[in-house]
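Participant: Residue numbers (this note's numbering): 104 to 215. Below you'll find the structure I mean.
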């Protein structure tokens, strides 16, 4: 009887750990895909539709690091290499805190 009990506990712990790892992997994949869009932008590659704006908004909201604004009459977000470096540094330092929230369907940062 004790063996069945320990097996049940081990199964529950394993399942919850796998779910957590899966949620973290999904969050990491999404973050890295946004960084990749910016890399393509700086390499002057074609970016579809509003992918750049979506990537900038995603990174700004998650990291609280704002993109630079262009010099024109409109307040157009114009990311710089400096912005990309800051976002990459933030990612390296906080990657372990990222997770996918199934309920809100978005990437979030765990509070330490």
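A virtual CB, placed ideally from N, CA and C, is assigned to each residue, including glycine. Just so you know, these numbers come straight off a predicted model, no measurement behind them.
Are the Cβ atoms of residue 127 and residue 194 separated by less than 7 angstroms?
Facilitator: Sequence index remark: in the chain shown, residue 127 carries index 24 (1-based). Sequence index remark: in the chain shown, residue 194 carries index 91 (1-based). No, Cβ-Cβ distance for residue 127 and residue 194 is not below 7 angstroms.
Participant: Measure the alpha-carbon distance for residue 179 versus residue 151 and round it to whole angstroms.
Facilitator: Position 76 of the chain shown, counted from the first residue, corresponds to residue 179. Position 48 of the chain shown, counted from the first residue, corresponds to residue 151. Spanning the two alpha carbons is a distance of roughly 17 angstroms.
Participant: Below 7 angstroms between beta carbons: does that hold for residue 170 and residue 159?
Facilitator: Sequence index remark: in the chain shown, residue 170 carries index 67 (1-based). Sequence index remark: in the chain shown, residue 159 carries index 56 (1-based). Contact: yes.
Participant: Have a look at the DSSP bridge pairing and note the partners of residue 205.
Facilitator: For the purposes of this step, residue 205 is identified with residue 102 of the chain shown, where counting begins at 1. None; residue 205 has no bridge partner.
Participant: Are the CB atoms of residue 187 and residue 155 within a distance shorter than 7 angstroms?
Facilitator: Within the chain shown, residue 155 is the residue found at index 52, counting from 1. Within the chain shown, residue 187 is the residue found at index 84, counting from 1. In terms of Cβ geometry, residue 155 and residue 187 do not form a close pair [threshold 7 angstroms].
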